[in-house]
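Residue numbers (this note's numbering): 73 to 133. Each residue gets a CB set at the ideal place from its N, CA and C atoms; glycine is no exception. First up is the structure itself, then whatever we jot down about it.
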């Protein structure tokens with residue numbers, strides 16, 4: 073269940089301009105730290121996180 077939520081948040085950030093909405097907000101700084109300044113950094117981190125989650129899911133399957 074948490075896997076689906078985490079993947080859907082990553083998809084929202086990557087494809088539906090979630091990175092622009094979360095940039096320079098408190099939740100952006102909590103989730104992404106100093107990378108929350110630019111939306112491109114947030115998008116890059118979300119892509120890496122999504123790839124890692126899928127790889128971990130495939131390995132554990």
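- The alpha-carbon separation between residue 106 and residue 132 amounts to approximately 31 Å.
- Between the C-alpha atoms of residue 122 and residue 73 there is a straight-line separation of about 15 Å.
- Per the coordinates, the alpha-carbon of residue 103 lies some 25 Å from the alpha-carbon of residue 130.
- Rounded to the nearest whole angstrom, the CA to CA distance from residue 99 to residue 91 is 11 Å.
- Taking each of 124, 126 and 118 in turn and checking the Cα distance to residue 86, the smallest one comes out for 118.
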